[in-house]
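Undergrad:
There are 2 protein chains.
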Amino acid sequence: MIQNVWKKFDEIELSHSSVHYLMAIHTLVTTQGYARSIDISNYLGLTRGSVSITVNKLVAKGYIIEDKNRFFKLSDTGKQLVNAVLSKRRLFERLLSEIMLVNPAIAEEDACKIEHLVTKESSAKILSFMGFYLSDDPKAIAFRKAFSEYNYNCTHQDEHCDVCELECYFAGNENYFRQEK
Amino acid sequence: MIQNVWKKFDEIELSHSSVHYLMAIHTLVTTQGYARSIDISNYLGLTRGSVSITVNKLVAKGYIIEDKNRFFKLSDTGKQLVNAVLSKRRLFERLLSEIMLVNPAIAEEDACKIEHLVTKESSAKILSFMGFYLSDDPKAIAFRKAFSEYNYNCTHQDEHCDVCELECYFAGNENYFRQEK
DNA sequence: TTTAATTGTTTGATATATAAAACAAAAGTA
DNA sequence: TACTTTTGTTTTATATATCAAACAATTAAA
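Same order as they appear, the protein sequences are chains B and U. Per this note's numbering, the very first residue in the first sequence carries number 183; after that it's consecutive. Per this note's numbering, the very first residue in the second sequence carries number 183; after that it's consecutive.
1) Would DSSP call Phe253 (chain B) helix, strand or coil?
2) Of the residues B:Pro286, B:Leu309, B:Tyr216, B:Met312, which one's Cα is nearest the Cα of Thr301 (chain U)?
3) Using a Cβ-Cβ cut-off of less than 7 Å, list which residues of the region 301-325 of chain U approach chain B; keep chain order.
4) Among residues of its own chain, excluding the 5 on either side of Leu278 (chain U), which ones have a beta-carbon nearer than 7 Å to its beta-carbon?
5) Quick check on the burial criterion: 16 or more other C-beta atoms within 10 angstroms. Buried or exposed for Thr236 (chain U)?
6) Along chain B, in chain order, which residues have C-beta atoms closer than 7 Å to that of Val284 (chain U)?
7) Counting C-beta neighbours from all protein chains within 10 Å, is the total for Gly244 (chain U) 16 or more, i.e. buried, or is it exposed?
8) Listing by chain order, which chain B residues have their CB less than 7 Å from the CB of Tyr332 (chain U)?
9) Rounded to whole angstroms, what is the Cα-Cα separation between Gly231 (chain U) and Leu240 (chain U)?
10) Can you give the Cα-Cα distance for Leu210 (chain U) and Asn265 (chain B), rounded to whole angstroms?
11) Tell me whether the region 328-337 of chain U and the region 298-313 of chain B touch, counting them as touching only if at least three CB pairs, one residue from each stretch, are closer than 8 Å.
12) What does Ile288 (chain U) touch in chain B if you count any residue whose Cβ is under 8 Å from its own?
13) Residue ranges of each alpha helix (DSSP H) run of no fewer than 4 residues wholly in the region 281-309 of chain U, ordered along the chain?
14) Please check the pair Phe325 (chain B) and Phe325 (chain U), which I expect to be a contact at CB under 8 Å, by giving their CB distance rounded to whole angstroms.
15) My understanding is that Ile207 (chain B) touches Leu256 (chain B), with C-beta atoms under 8 Å, so please give their C-beta distance in whole angstroms.
16) Using only alpha-carbon positions, find the residue among U:Asn251, U:Ile247, U:Ser269 that is nearest to Thr259 (chain U).
17) How many Å lie between Leu299 (chain B) and Ala328 (chain U) at the Cα?
18) Residue range of the beta strand (DSSP E) that Lys275 (chain U) falls in?
19) Out of B:Phe314, B:Glu303, B:Ser330, which one is the CA nearest neighbour of Asn313 (chain U)?
20) Let me make sure I understand the geometry here. Which of B:Ser223, B:Phe253, B:Ile281, B:Arg252 has the alpha-carbon closest to that of Ser199 (chain B)?
21) Going along chain U in order, which residues have a C-beta closer than 8 Å to the C-beta of Phe253 (chain B)?
22) For Ile246 (chain B), list the residues DSSP reports as bridge partners.
23) Go ahead and label Ser197 (chain B) buried or exposed: buried means 16 or more other beta carbons lie within 10 angstroms of its beta carbon, across all protein chains shown.
24) I'd like to know whether the C-beta of Leu210 (chain B) is nearer than 8 Å to at least one C-beta of chain U.
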């Protein structure tokens, strides 16, 4: 089972790199109204040559549309993909920063690394959880308040830990749990 | 900012692939007591040639130690890396399955895809959250009970959504939120 | 011990993603 | 229009990760 799951990493529809070409076009079109090859190069910090090759492949694959003046925009497929990735990024960023209380910069970084890898199933469940967690339900309000006053401390010596199973990767790293306020 | 974060994906200490060679050795040594090149090939489903090349690189980099009979084991560095990755995998698997109520098979799959990418910072905060969430604190107990009876429904038409910001990737996918019991 | 099977390495090939540099085409300027 | 700059493409090269097949070495079996 697990032996085979890790390869799925590479079976993702598009590579991490290609997804970011699409994201770049989305951002450029949204912010400056258009996206030429050179704009993508500058935005992603890649050479014109590299961008030319990859963008043309993505045009061939139907994710990007090129007009007669060589301006690019996303196809419907491309838009769908970008919307999915952006939704997941936003979701994870908020999960980490607003609920887990991770430093926002780290939350953003981690969300960006995993955004295109996480399934829709997990994402939807997280959305559902957040829906309740952030709601006005008294149980949610009470929990949030209690958690904000809580400080986990995994000394994790001999006694059993509620959360970990094996040797604790975090033992002796109490500072990692502290909430900077 | 974000433009540059995505490249960090490739700045991870070892590639996803290499990490899994180390994980394979860990598993093989743990379960059958030793790990030869052929065992790694069989376990990962790769050819002997590919394994030979990559394992020798990882030996050169100091993650793996080879004895005179060509049996492999992890160096201390290798063990540390594997422990970190396993801890994160376990953590995410539990976060998704036990807290977000994601189907366990999907939780495992997603955890396996992101295990080596997530920072220690985020992981520690998740551990902290889980420590409280799964505790005997009455607020936690009350929340868990209430959430297990909750069913999110993102109709997300015109009105504002508590959770999403832009166009909802999940709108019209109510079935994704349903908890199979 | 000689042969056969298994295991490990090397080589040649493919695919992706990149850079650098040469080249071509388009756009802007004098 | 002619020249210059900018933009895009192509080519050559590098790095990773893989396979298949040839080859070598080790191990097991007859």
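Quick reminder that beta carbons are idealized off the backbone N, C-alpha and C, glycines included. Predicted model only: the values in this text are computed from it and were never measured.
TA: Reading off the structure:
1) The count along the first sequence starts at 1 and reaches residue 253 (chain B) at position 71. Phe253 (chain B) falls in the coil class under three-state DSSP.
2) Taking the first residue of the second sequence as 1, we reach residue 301 (chain U) at position 119. The option with the nearest alpha carbon to Thr301 (chain U) is B:Pro286.
3) Look at the region 301-325 of chain U: the residues with a C-beta under 7 Å from a C-beta of chain B are Thr301, Lys302, Glu303, Ser304, Ala306, Lys307, Ile308, Leu309, Ser310, Phe311, Met312, Gly313, Phe314, Leu316, Ser317, Asp319, Lys321, Ala322, Ala324, Phe325.
4) What you label residue 278 (chain U) is simply residue 96 of the second sequence in a count that begins at 1. Contacts found: Val284, Ala289, Asp292, Ala293.
5) As a working note, residue 236 (chain U) is residue 54 in the second sequence. By the 10 Å Cβ count, Thr236 (chain U) comes out buried.
6) By 1-based counting over the second sequence, the position of residue 284 (chain U) is 102. Going along chain B in sequence order, the residues near Val284 (chain U) (Cβ under 7 Å) are Glu303, Ser304, Lys307.
7) Position 62 of the second sequence, counted from the start, is the residue given in the question as residue 244 (chain U). Exposed, since its Cβ has fewer than 16 Cβ neighbours within 10 Å.
8) Taking the first residue of the second sequence as position 1, residue 332 (chain U) is located at position 150. Under the 7 Å cutoff, chain B gives Phe314.
9) Start at 1 with the first residue of the second sequence, and residue 231 (chain U) comes out as number 49. Start at 1 with the first residue of the second sequence, and residue 240 (chain U) comes out as number 58. Rounded to whole angstroms, Gly231 (chain U) to Leu240 (chain U) spans 14 Å at the Cα level.
10) For the purposes of this step, residue 210 (chain U) is taken as residue 28 along the second sequence, with counting starting at 1. For the purposes of this step, residue 265 (chain B) is taken as residue 83 along the first sequence, with counting starting at 1. So the alpha carbons of these two residues sit roughly 41 Å apart.
11) yes
12) The sequence position of residue 288 (chain U) within the second sequence is 106, counting from 1. The contacting residues are Thr301, Glu303, Ser304.
13) 286-296
14) Numbered from 1 along the first sequence, position 143 holds the residue referred to as residue 325 (chain B). Numbered from 1 along the second sequence, position 143 holds the residue referred to as residue 325 (chain U). Correct: roughly 4 Å between the Cβ atoms.
15) Residue 207 (chain B) sits at position 25 when you count from the first residue of the first sequence. Residue 256 (chain B) sits at position 74 when you count from the first residue of the first sequence. The Cβ separation is near 6 Å, so the contact holds.
16) Position 77 of the second sequence holds residue 259 (chain U). Closest by alpha carbon: U:Ile247.
17) To locate residue 299 (chain B), count along the first sequence from 1; it is residue 117. To locate residue 328 (chain U), count along the second sequence from 1; it is residue 146. Cα to Cα, the separation comes out at about 30 Å.
18) Indexing the second sequence from 1 puts residue 275 (chain U) at position 93. The identity of residue 275 (chain U) in the sequence shown is Glu, whereas the question assumes Lys. Element bounds for Glu275 (chain U): not the beta strand (DSSP E) but the alpha helix (DSSP H), 258-276.
19) Numbered from 1 along the second sequence, position 131 holds the residue referred to as residue 313 (chain U). Reading the sequence as shown, one finds Gly at residue 313 (chain U) and not Asn. Minimum Cα distance to Gly313 (chain U) is reached at B:Ser330.
20) Residue numbering aside, residue 199 (chain B) sits at position 17 when the first sequence is read from its first letter. The residue with the shortest Cα to Cα distance from Ser199 (chain B) is B:Ser223.
21) As a first step, residue 253 (chain B) is located in the first sequence; it is residue number 71 there, counting from the start. By Cβ distance, chain U contributes nothing, its closest Cβ being about 20 Å from Phe253 (chain B), past 8 Å.
22) The residue labelled residue 246 (chain B) in the question sits at position 64 within the first sequence. According to DSSP, which records beta bridges pairwise, Ile246 (chain B) is partnered with B:Leu256.
23) For the purposes of this step, residue 197 (chain B) is taken as the residue at position 15 of the first sequence. By the Cβ-count criterion, Ser197 (chain B) is exposed, with fewer than 16 other Cβ atoms from all chains shown falling within 10 Å of its own Cβ.
24) Indexing the first sequence from 1 puts residue 210 (chain B) at position 28. For Leu210 (chain B), no Cβ of chain U is located within less than 8 Å of the residue's own Cβ.
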